[in-house]
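Inspection log for the structure reproduced underneath, given as structure tokens.
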Amino acid sequence: MIRLDVLPPPQRAFWEHRLHEIPRGWVLYGGTAIALHVGHRQSRDFDFFSSDDLDRDVLRRGCPLLMEAKTLQDEPNTLTVVTDEAGATIKLSFFGGIDFGRVGDPIHLNGCARIASRLDLLATKLATVTQRVEPRDYVDIAALLGSGLTINQGVAALLALYGGQASGLQSVKTIAWFKDGDLERVLDADVRDVLTRAAAAYDPRTPPAAKRSARLD
């Protein structure tokens, strides 16, 4: 079940009335995708990934709201905009040329792959957490682990998607280390407990999972 209740009214209005404008091939990743799976927190931004290179003309033709949006970032395979929806501003980001594939099956809506699987989301968060100190990443990982996934499943997916660019051990150590930034103060005790117990259960012999597809959709 998709947890639309976690979306603030403007984001929910976009999801219910404008999502169909996003062309095929764009799949939601990031914190909002995780929140739609597990309902653990409110999330406001939409991060869409595609295996294909970003074609602005195709994207704008398919998604009229982008014609009126304000551009925040415009790079070869990245486009971030803000647009008004239901009287408020929402942020949409599009990242093209994503080539790591997937290990799970995305959620399909109206015949289109729209939300990445929990396992793929856990893998990408385990990669992200080694690159920045952001409390919400730890909260998201704890929520995914609390939804029934294990740390070894997450690491197997991480290794499948990122290969030699990733280290399961580094990711596991990172999620259980709270001395960086304000993590020890900001993260709830139950989140830290979930992450600490997960790290203790990690098997360093965990092999990569099998990819289901080289594409995200």
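Per this note's numbering: the sequence shown = residues 2 to 218.
By construction, the Cβ of each residue, glycine as well, lies at the ideal position given by its N, Cα and C atoms.
Task: Of the residues 118, 186, 16, 130, the one placed nearest residue 167, counting alpha carbons only - done: 130
- [ ] Check residue 15 in the structure and name its three-state DSSP category.
- [x] helix
- [ ] Name the two residues that bound the continuous beta strand (DSSP E) containing residue 109.
- [x] 108-110
Task: Which residues DSSP lists as bridging residue 1, in chain order - done: The first residue shown for the chain is 2 and the last is 218, placing residue 1 beyond what the model contains.
Task: Range of the contiguous alpha helix (DSSP H) that encloses residue 191 - done: 190-201
Open item on the list: If I follow the unbroken beta strand (DSSP E) through residue 71, where does it start and stop?
Closed with: 71-76
- [ ] Over the uninterrupted alpha helix (DSSP H) stretch that includes residue 158, give me the two end residues.
- [x] 152-163
Task: Euclidean distance between Cα positions of residue 209 and residue 137 - done: 26 angstroms
Task: At least 3 beta-carbon pairs within less than 8 angstroms: the stretch 35-43 vs the stretch 76-90 - done: no
TODO: Check whether the stretch 114-132 touches the stretch 98-106, taking contact to mean three or more Cβ pairs, one atom from each stretch, closer than 8 angstroms.
DONE: yes
Task: Distance between residue 27 and residue 149 (C-alpha atoms, nearest Å) - done: 26 angstroms
TODO: Take residue 64 and list the residues in its own chain whose beta-carbon comes closer than 6 angstroms to its own, dropping the five residues that flank it on each side.
DONE: 22, 23
TODO: State the beta-bridge partners of residue 85 as determined by DSSP.
DONE: 90
Open item on the list: Looking only at its chain, what residues have a beta carbon closer than 7 angstroms to the beta carbon of residue 189, apart from the 5 residues adjacent to it on each side?
Closed with: none
Task: residue 80 - DSSP class collapsed to helix/strand/coil - done: strand
Open item on the list: Excluding the 5 residues flanking residue 118 on each side, which residues of the same chain have their C-beta closer than 8 angstroms to its C-beta?
Closed with: 103, 104, 105, 106, 107, 108
Open item on the list: Given this structure, state the Cα-to-Cα distance separating residue 38 from residue 116, to the nearest angstrom.
Closed with: 9 angstroms
- [ ] Would you check if the distance between the CB atom of residue 153 and the CB atom of residue 207 is smaller than 7 angstroms?
- [x] yes
Task: Which listed residue (50, 34, 15) has its alpha carbon closest to that of residue 216 - done: 50
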